[in-house]
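Peer 1: Okay, handing you the structure first.
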Amino acid sequence: HCAAIGRDPGTLRRSYLMFDAKARPSGGKIKYYESESIFTEMVERIMELGITDIGMYYPVQEEQLPMFEKIATDVIPKLRRR
Numbered sequence: 500h501c502a503a504i505g506r507d508p509g510t511l512r513r514s515y516l517m518f519d520a521k522a523r524p525s526g527g528k529i530k531y532y533e534s535e536s537i538f539t540e541m542v543e544r545i546m547e548l549g550i551t552d553i554g555m556y557y558p559v560q561e562e563q564l565p566m567f568e569k570i571a572t573d574v575i576p577k578l579r580r581r
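Quick note on this note's numbering: the sequence shown kicks off at 500 and runs consecutively.
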């Protein structure tokens, strides 16, 4: 498709929404907010597939807010530099 319109496929951006099917229906804990390493491992696998933009849900469980904030302020900036 890119060739038909003269676009370089390498310029395409690909997005992925991180979803935890077990957590959402029950309003439960989101797995990727359990630890920094779980989040990092998941994102690294997604990035290896060529995904350039990753979305994630805001945690509904209050006890997951500290990890969410750590990921937002520390982990994501490190991953972006890769």
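The beta carbon of each residue, even a glycine, is placed where N, CA and C say it ideally should be.
Can you find at least 3 beta carbon pairs, one from the region 561-572 and one from the region 525-540, that sit closer than 8 Å?
Peer 2: Contact holds: three or more Cβ-Cβ distances are below 8 Å.
Peer 1: Where do the N-terminal and C-terminal ends of the alpha helix (DSSP H) with residue 564 fall, by residue?
Peer 2: The residue you call residue 564 lines up with position 65 of the sequence shown. Element bounds for residue 564: 564-569.
Peer 1: Taking C-alpha atoms, which residue in 553, 560, 578 lies nearest to residue 514?
Peer 2: For the purposes of this step, residue 514 is identified with residue 15 of the sequence shown, where counting begins at 1. Nearest C-alpha to residue 514: 553.
Peer 1: Can you tell me whether DSSP reads residue 578 as helix, strand or coil?
Peer 2: Taking the sequence shown and counting its residues from 1, one reaches residue 578 at position 79. Residue 578: helix per DSSP, three-state reduction.
Peer 1: Which word fits residue 563, buried or exposed, when buried means at least 16 other C-beta atoms lie within 10 angstroms of its C-beta?
Peer 2: Locating residue 563 in the sequence shown gives position 64, counting from the first residue. Under this definition residue 563 is a buried residue.
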